[in-house]
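Quick note, the sequences are listed as chains S, L, E and R, same order.
Under the working numbering, the first residue of the first sequence is numbered 511, with each subsequent residue one higher.
Under the working numbering, the first residue of the second sequence is numbered 511, with each subsequent residue one higher.
Under the working numbering, the first residue of the third sequence is numbered 722, with each subsequent residue one higher.
Under the working numbering, the first residue of the fourth sequence is numbered 722, with each subsequent residue one higher.
Even glycine gets a Cβ: it sits at the ideal position worked out from N, Cα and C.
Everything on this sheet refers to the single structure shown next.
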Amino acid sequence: MPFIPHTEKEVKEMLDAIGVSSIEDLFDEIPPELKAVSIDAVPSTQSEMDVSRLMMERAEEDGRQLSFIGAGAYEHHIPAAVWELTTRGEFYTAYTPYQAEASQGTLQLLYEYQTMMSRLNGLDVSNASLYDGASGLAEAVLMAVRANRKSKSKKILMPKTVHPHYRKTVEAIVNKQDIKLEILDYDATGGHLSPEQLPQSPGDFAALVIPQPNFFGVMEDVDMLTDWAHSHGALVIAVVNPIALALLQPPGEWGENGADIACGEGQPLGIPLSSGGPYYGFMCCKQALVRQMPGRIIGKTLDMDGKPGYTLTLQAREQHIRRSKATSNICTNQGLMITASTIHMAILGAHGLEEAAATSNENTNTLIDKLTALPGVEKVFERPVFHEAVLKFDTPLKDVLRALNAQNLIGGYSLEDEYPELDNALLVCATETKTQADIDTYVNHLERILSKQETVKCPVSPKI
Amino acid sequence: MPFIPHTEKEVKEMLDAIGVSSIEDLFDEIPPELKAVSIDAVPSTQSEMDVSRLMMERAEEDGRQLSFIGAGAYEHHIPAAVWELTTRGEFYTAYTPYQAEASQGTLQLLYEYQTMMSRLNGLDVSNASLYDGASGLAEAVLMAVRANRKSKSKKILMPKTVHPHYRKTVEAIVNKQDIKLEILDYDATGGHLSPEQLPQSPGDFAALVIPQPNFFGVMEDVDMLTDWAHSHGALVIAVVNPIALALLQPPGEWGENGADIACGEGQPLGIPLSSGGPYYGFMCCKQALVRQMPGRIIGKTLDMDGKPGYTLTLQAREQHIRRSKATSNICTNQGLMITASTIHMAILGAHGLEEAAATSNENTNTLIDKLTALPGVEKVFERPVFHEAVLKFDTPLKDVLRALNAQNLIGGYSLEDEYPELDNALLVCATETKTQADIDTYVNHLERILSKQETVKCPVSPKI
Amino acid sequence: MLIFEQSKAGRKDGPGKRKKKQGSAIPKNFLRKQSAGLPEVSELQAVRHYTRLSQKNFSIDTHFYPLGSCTMKYNPRACNSLAMLPGFLNRHPLSPDMFGQGVMACLYELQEMLKEVTGMNAVSLTPAAGAQGEFAGMAMIRAYHDAQGDTARTEVLVPDAAHGTNPASAVMCGYTVREIPTSSNGDVDVDELKKVVGPQTAGLMLTNPSTVGVFDRNIQEISSTVHKAGGLLYYDGANLNAILGKVRPGDMGFDVIHMNLHKTFSTPHGGGGPGAGPVGVSERLTPFLPVPMVAHDGDEYRWLTEKDCPQTIGRLSAFMGNTGVLLRAYVYARLLGKEGMIRVSEYSTLNANYMMAEMKKKGFDLAYPDRRATHEFIVTMKRQAKELGTNTMDFAKRLLDYGFHAPTTYFPLLIPECLLIEPTETEDKDTLDAFIDTMEKILKEAQENPEQLKDAPHTLPVRRLDDVRAARELDLAWKAE
Amino acid sequence: MLIFEQSKAGRKDGPGKRKKKQGSAIPKNFLRKQSAGLPEVSELQAVRHYTRLSQKNFSIDTHFYPLGSCTMKYNPRACNSLAMLPGFLNRHPLSPDMFGQGVMACLYELQEMLKEVTGMNAVSLTPAAGAQGEFAGMAMIRAYHDAQGDTARTEVLVPDAAHGTNPASAVMCGYTVREIPTSSNGDVDVDELKKVVGPQTAGLMLTNPSTVGVFDRNIQEISSTVHKAGGLLYYDGANLNAILGKVRPGDMGFDVIHMNLHKTFSTPHGGGGPGAGPVGVSERLTPFLPVPMVAHDGDEYRWLTEKDCPQTIGRLSAFMGNTGVLLRAYVYARLLGKEGMIRVSEYSTLNANYMMAEMKKKGFDLAYPDRRATHEFIVTMKRQAKELGTNTMDFAKRLLDYGFHAPTTYFPLLIPECLLIEPTETEDKDTLDAFIDTMEKILKEAQENPEQLKDAPHTLPVRRLDDVRAARELDLAWKAE
Ligand SMILES: Cc1ncc(COP(=O)(O)O)c(C=O)c1O
Ligand SMILES: Cc1ncc(COP(=O)(O)O)c(C=O)c1O
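What follows is the structure, encoded as structure tokens:
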């Protein structure tokens, strides 16, 4: 039966060797009152064939739309080689590399990943992943509070232009340790954190979080912000999009001294959208902060013969050694996602990432231009964007989105819930996966919907 | 650019080392008149992203119907592990194992395959694949003519119950060597080769071909036929379905002495339908005939240290050694398909194959019972079937099939073209992949169509 | 060789130059001055490099991997391929519910199945791993006490055998941790527990079966002791594999539990992760579950968010945790069904007890010789270390030479020179016997030729690595010479 | 260990017995008496066994593989994953045309692209490999002569350098084969050709670039010689990689050609196959092409069968040849495009000529030192064999120790002790240099310590295997002891 290799004969031999007469005897230390278990609500075993069919039918229902949402998760082309290699059994079914000598494949790959990430971010060191971008930011906040020697404050300045889900996640994770997030508003014209939004006398605070691009797709004045925070003795936590980093100034080079910690969502680097996960959070920092960094770190060393090899290092920060004094409770991380991202970056190279970034930027600008050419659609913020932008509609947005959905098209992410001040505002994104024809499809559907034309109700062939 | 790793600097170094000034110079032995080539009708290079999208859109159009065709290619469940392992780079991108020491993976697997196949067929030896079932039968015919020491005849008795495409393929391949196929008709009631269809005085002939089950799904009297052929000094070539062999008497045990050669289509053993290929032809034979067998054969041997290993053997039969005197011209075979089939058989085991075979048999019988319960649908042949059967309609079959197609359902394979005497006859098949609900879907659609009810024209959700 | 060492400048803009677009709409001052310095290799070079690297790993697909506490069992391939169907992979997390009914149906049914097998009232799937589940669980305990106005409960009790994530998670929730000793028979020392439990006790974090490989026989007493003091009971579900379908944490009296789906539900560990750490709760903790969850309203599935659950402890990640991992676990659960789940605990327990009995016969010392093993058990090499000078790590490294991944070493911390051995139910008897024979052989080597152990491994891509050097001369990123 | 040796009777009907249905509707007398004796292993055992077996292979994805005449270049992974999309895999070969427009569009466009790059009038994709393409080609030549009533042409001319499939295919078409010698400069000996060509000549089978790694400079003279005698010209396209987009067989005067898509169009060799051997023909041979082919009638694609092509030589397989391979080649062709195709021949030729120049500098003897290499070239070790007693096979086996797959050895037969080296365009210069340096090192070993070569390989899963024993003591299937 599924996955149990024992023959009846073997079971008998094993029971004899143990000296019991049935498997049930092996559970004799469990108080008998506890054992009257029924798990009848669990369905009966099904063959792989039947489950396959069920799953294919379910997958068929999902994810087949032409979609213009970004908002923290981005559709990018992933070369076929990436996941064919990543799901090789040797990567896929290994555990955390506790036995370094038997895990050089994963360990060397992680070391290569750390190198790639620290280069992309312009910082000295990288860890080997956190759960996702949002929880990674929470870890960065905790780290900054621990690491900032100049400040005893538990206050963090958090712009409203940081992804709302990130802010919620950070709040949920750090609030039990009395850390306070002070929210900074954004500039209504630029959609960014302008000098006017910065507190005049901020007092002691541990760190300023700077998103680049921010949740509205808008580019922040990272040099000014970094220098401002540093001038107040605070650390700077950058939250960045790794594809954007192919083109944009890396956090390590922001302002005079660079951001101290950079983190973000790794998903754009070769990880499928997959309804939100598994993704991974990346984190880099300056060398001086490395011992405060949470998560696994791989180091290069030598073996008994003087040959180079790779191993988990700085484990004294971690929960399995430090227990209640650890830098974080993280244990299982997102290793396989790193495997994919590393292979993805190796195949694309800097040029490939630059191309994806630049094309996404162009496509988004084209989309914005074409959509705002329609009557009743306007761009909300003035500042340049990376690959997302906020549009405002003069009709009820919900109806518009629903009408687009009926055409198997997802128009973007509505900001109404998270930014009530931005009513009927939509965050749209067009990565390099969108063709001119896709953009025109959007524009044409929207034009028809806005002009209240009858939409044709025949099923549109779905986008794959 | 795609797949060329050279930098400009390296190109220059290489040209210098060769002593030419441009790559074009390397083509200077080609007569210049021949070089004025244009291949402009070939489209320009496209990115993997663009080609992926094109292919996904095209795949979307195909292969998503609920299908009841068999007729030589059968839908069976393939465990996910089979192709995940088969497409591992080490199997997928290796060549024919000419350097045995560097190919023990493939070679041992092929040796295991030979063992599995000879057991399934009840014969001594197996080769390591031919192109497909049909061309494999052609090779078997050539082999029988070569191998039959009792007969100098180039005549082969070929029942009409052998797959019509197989007969055509055999004809196309063997007719240049003056081999004649004498076609034997089938019993109109049983759908099989009955004693009445056997020639009274057949004269000298090299071999009789016996299909089991035959093209109509009908079970032949293999014992009687085998003994009859042997009694005339002819060899017996079995054409068998390998899934059926899990349940049915193996060719090596037919009649008194067993079939001499068994061949057939390997597709049912873990190979996707894939519009007809790549599949593979399997072939087994008695030990005495092994030197006449075409195709690669793997043998076990020892290395310099006395350790067992595997290698290509009996190469003296093959074209690269024997050239114009080889047993066959085959060189590249269907190795990767064997890899899949071997893993498939290892995972399923005999029990798994038996279950697939028995369920297919049951499903087909259920389908037949339900369809023939409809007015105007009758079973054509009386004899027991394996997992296919012929049905006769009293209305024009073409229209019925078209109406089923409109419901995204493929009703079966029409026999009209290949067997004009069987007008409005349909060959249907229901393997273990068909649920009772699938069968009922067929029955209900057909009932409606036959009763000339208006078929509902709304798009039916396609089967995956 | 590193991928960087195969890089050649200009490889990608050599023949047939890539079109290089420098994001012309982005003002110059935002742009980076230098390219990011990623390797420039051909696709073949990358494929060959990472294929060869992969071959340097031990993994379940290649080796017996009896890593205690980690449940390294067969990861069915169908779980992977079905979770990676394009419809699932391509779905954006913020895509409207109408375009996510397939994945939501799977998640909803998984919630229901996990409720049933744990005996809890409700389940949230969002935690990304066991440790995040622990955090969520302790955060709910705190939220519960806070909701009761019971803010004096600042202390969490954690047995010394517990995994390091337990105290670390409690601390992240603002608690101080107090250790409870393990008695010599492997059960929690109930007398000690009784001494320290009190009005300051927010809860107890317990792993049962525990990390020393036994089922705590006093669980009911422990449970009532903590409950009587007003504390809540947290269940670390890392060892659920041992009791799946046999005993349920809910029935033992636990208020909150996390499960490691990457252990019991056989989603792959992927060289470190991802996992998934769903939490299940009793009724009184249900309002505090982390969001999002999936609800089924008549015909349709929909997400439950902050709006639906005003008392939620909130969100632990930007979207829905490790959805793809959850899909794999769902497929696994459907393949097993209830019958298969019961077999998981039965055969993992059989394998562990068989190995324990045989190892004892071969002369190894068991940490708890008088106890049943659960799905894992502990051998201690204290005697060998003393008598032969070969420690547990030497045995572990020598095992690698023989093609076995080593069991967990030096955990739990309270047992000196220990090996925590977890064979899992998917390994066959021949493999267990081969491991046992090899251990015996290594023991003999330790007696006759201890250098063979101390210098091990001998046959792997590298010899024993210098961990001290790694930490002292930090080299965390490659630099061109 | 073989998978059979891991089998245990009753494993599959142990705990949770499989429902065993014995095909109850099938009368007993048709049933087999004993189960088929396949191995009984768990899924994990199978996965582990075949994963570990795979690791024993050299392959493009793991090693440089300069196997001459075989074009072992990078097999892009996208070709695999796109050809394996469920819509393609699930389509039944006899499914109505309306449900196959996607695959047929790909095949049709592939036909058109292959026509263009070969300069032929029409293409049929159905042959399953090069050898089947040869058979199809020769069968068409025969059908053509037969249709002319020209039945006296019973002889086919084949250069001695030709691949063994050439004479074997000609014989399968009922022809007798006459060998034409290769002149000392590597070109076909035209004088000899002229001597033997005549009214009995059905045709000439030529590989150009030839298997000795040169482009035959007299191709126009050869072509007109054969044509004048009333024979037809067959082109063996195994080496098309060397001239893709540079010269076209059609322009050289060939009447029929096969292509090995598993070489030039980079579909994987899969440890022996499958391949695909499409045939292209000039106008006069077009009516004879094997079926099925794909036609495009206005909006729709449809199959061309015997009905449409009454003079066809017929069918070579039950359905459409190796469709999945054709899809991979199609994807590859689209990825390359015309620009990429030209680069294939340019860079494969560059790599071969570079290696040839460097090998010469290292002291190796070239078979044709005065010629340009095409995409491959020949080194002969005759001198070393004589002087040092180490033959080509010894060099080949020693290369394996250093992590290089050996080039083709002892082919073509006319050149003694030869190595046919084909680097392909997808290998980078560093890899070529490493190979050359290794050859130099082995040459030194041959001088100083020839046993190291003779006993090679040393580092592989097995040492040198005894081929003679394999053929003498035939062991072709495992038997339980
Ligand atoms: C007993 C125990 N508790 C908790 C954890 C932490 O779980 P995770 O690694 O999923 O965060 C582990 C993991 O190893 C464990 O073994
Ligand atoms: C020159 C030459 N011709 C013909 C063939 C036969 O092609 P295939 O192996 O595809 O049947 C080969 C294959 O190795 C070859 O190299």
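Check: residue i C-beta below 7 angstroms from any heavy atom of ligand 2
{"i": "R/His-1096", "result": "no"}
{"i": "R/Cys-1139", "result": "no"}
{"i": "R/Gly-851", "result": "yes"}
{"i": "R/Asn-981", "result": "yes"}
{"i": "R/Gly-998", "result": "yes"}
{"i": "R/Ala-894", "result": "Checking the displayed sequence, the identity of residue 894 of chain R turns out to be Cys instead of Ala. It does not: the Cβ of R/Cys-894 is nowhere closer than 7 angstroms to a heavy atom of ligand 2."}
Cutoff 6 angstroms; reference residue i; Cβ partners in own chain excluding five residues on either side
{"i": "L/Lys-944", "result": "Asn-873"}
{"i": "R/Lys-740", "result": "Residue placement at R/Lys-740 is poorly supported in this model, since its pLDDT is 48, which falls under 50; the coordinates are not used for a value here."}
Partners in chain E for residue i, counting only beta-carbon separations shorter than 8 angstroms
{"i": "S/Ala-682", "result": "Ala-860, Pro-1011, Ile-1034, Gly-1035, Arg-1036, Leu-1037"}
{"i": "L/Thr-517", "result": "Lys-729, Ala-730, Gly-731, Arg-732, Gly-735"}
With 16 other Cβ atoms within 10 Å as the buried cut-off, status of residue i
{"i": "S/Ser-531", "result": "exposed"}
{"i": "S/Val-966", "result": "The predicted position of S/Val-966 is uncertain, since its pLDDT is 46 and thus under 50; a value taken from the coordinates is nonetheless stated next. Flag for S/Val-966 reads exposed."}
{"i": "S/Ala-947", "result": "exposed"}
{"i": "E/Glu-1202", "result": "exposed"}
Where the alpha helix (DSSP H) containing residue i begins and where it ends
{"i": "E/Lys-1107", "result": "1103 to 1109"}
Proximal chain S residues relative to residue i, where beta-carbon distance stays under 7 angstroms
{"i": "L/Glu-520", "result": "Under the 7 angstroms cutoff, chain S gives no residues; its nearest Cβ is about 16 angstroms from L/Glu-520."}
{"i": "R/Thr-772", "result": "Gly-599"}
Near ligand 1: residue i beta-carbon under 7 angstroms from a heavy atom
{"i": "L/Gly-727", "result": "no"}
{"i": "E/His-884", "result": "yes"}
{"i": "E/Ala-959", "result": "yes"}
Interface partners of residue i on chain E, CB under 7 angstroms
{"i": "R/Val-686", "result": "This structure leaves residue 686 of chain R out entirely; chain R is present only between 722 and 1202."}
{"i": "R/Leu-765", "result": "Tyr-795, Thr-1147"}
Run of the beta strand (DSSP E) containing residue i, from where it starts to where it stops
{"i": "S/Lys-478", "result": "No information on residue 478 of chain S is available, as it lies outside the stretch 511 to 974 that chain S covers here."}
Within chain S, the residues that residue i reaches when beta carbons sit closer than 9 angstroms
{"i": "E/Gln-822", "result": "Arg-568, Glu-571, Asp-572"}
Residue i CB to nearest heavy atom of ligand 4 below 7 angstroms
{"i": "R/Ala-857", "result": "Among the ligands in the structure shown, ligand 4 does not appear; only ligand 1 and ligand 2 can be found there."}
Spatial neighbours of residue i in its chain, beta-carbon cut-off 7 angstroms, leaving aside the 5 residues before and after
{"i": "R/Arg-1049", "result": "Cys-800, Asn-801, Ala-804, Thr-988"}
{"i": "E/Ala-891", "result": "Met-859, Val-877, Val-879, Val-898, Met-926"}
Interface residues of chain E facing residue i [CB-CB closer than 9 angstroms]
{"i": "S/Val-938", "result": "Residues of chain E passing the Cβ test: none, with the nearest at roughly 12 angstroms."}
Residues that residue i contacts on chain L, provided the C-beta gap is smaller than 8 angstroms
{"i": "R/Phe-785", "result": "None at all; the shortest Cβ gap to chain L is about 12 angstroms."}
Chain B within 8 angstroms of residue i, Cβ atoms only
{"i": "S/Met-729", "result": "No chain B is part of this structure, whose protein chains are labelled S, L, E and R."}
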